[in-house]
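Those letters in the sequence shown? Residues 24 to 232, per our numbering, in order.
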Amino acid sequence: ETIADYLELEGMTIDCAYHGEAALNLIQENHYDVIIMDIMMPKLDGISTVEKLRREQLCGTPILFLTAKDTLDDKVAAFNAGGDDYLMKPFAMQELSLRVHALANRGPRQDIGTLKFADISLDVRTDEVTRNGKHIKLSRIQTKILKLLLKRAPAAVSRTEVIDNVWGDEPPGSDALRSHIYGLRTALDKGFDDSRLETIHGQGYRLKA
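Structure, rendered in structure tokens:
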């Protein structure tokens with residue numbers, strides 16, 4: 024008896040995808056109450072699939088990771104990617120059903136589409152930035168840099184990675200990044216006593232709490 028067979032007997036309507044790319048397509052074209060995701064999948068693994076769902080498709084559907092991977096690092100990666108629950112194999116079908124019903128009753132997440140760290144928030148749909156509720160006006164380039172830093176916070180992002188993500192194949196002049204970082208730091212910190220954007224020599228830039 025497969026998972027799909029069991030859940031269908033429980034009265035649920037099920038669609039199945041056998042790799043991450045197929046899952047992304049299904050979820051983009053249909054509405055689901057809950058998504059059950061394995062980590063080890065061909066073409067695109069479960070962690071990467073969920074990151075794309077949360078950050079690119081802005082999908083707020085509750086996600087349950089169902090996997091044989093059992094280390095703490097695996098769990099941390101799953102929840103950081105945007106998972107809502109984590110069930111390790113082997114498992115009892117009844118427990119899976121109970122968890123799925125609990126997630127369905129909880130409803131879609133309301134925080135998807137917003138990048139947050141400490142008191143800084145960025146709405147990825149409107150590019151509106153706030154710090155402690157105060158609206159902050161940024162340029163297009165500064166907003167792109169902040170998005171990258173928020174996704175990685177509190178880890179540092181190298182200068183090279185910032186340039187690749189923001190400008191791609193057309194890198195700016197040697198002082199352009201420094202100028203944008205200065206402008207971003209000034210905008211974020213205006214009216215506040217503590218600085219959020221830190222330059223780490225030899226490593227790059229990061230947001231600090």
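Ideal Cβ positions, reconstructed from N, Cα and C, are used throughout, including at glycine.
- Every beta strand (DSSP E) stretch that sits fully inside the region 157-188 and reaches 3 residues is listed by chain position as 157-159.
- Here the C-alpha atom of A176 lies approximately 31 Å from the C-alpha atom of N128.
- Approximately 7 Å separates the beta-carbon atoms of G69 and G43; this is inside 8 Å, confirming the contact.
- A buried status is given to D107, since no fewer than 16 other beta-carbon atoms sit within 10 Å of its beta-carbon.
- Of the candidates E79, P85, T36 and H54, P85 places its Cα closest to the Cα of M60.
- For S144, the beta-bridge partners assigned by DSSP are K139 and T153.
- Between the region 153-163 and the region 202-215 there are three or more inter-stretch CB-CB distances shorter than 8 Å, so the stretches are counted as touching.
- Excluding the 5 residues flanking it on each side, I186 has same chain C-beta neighbours closer than 8 Å at P194, P195 and L200, in chain order.
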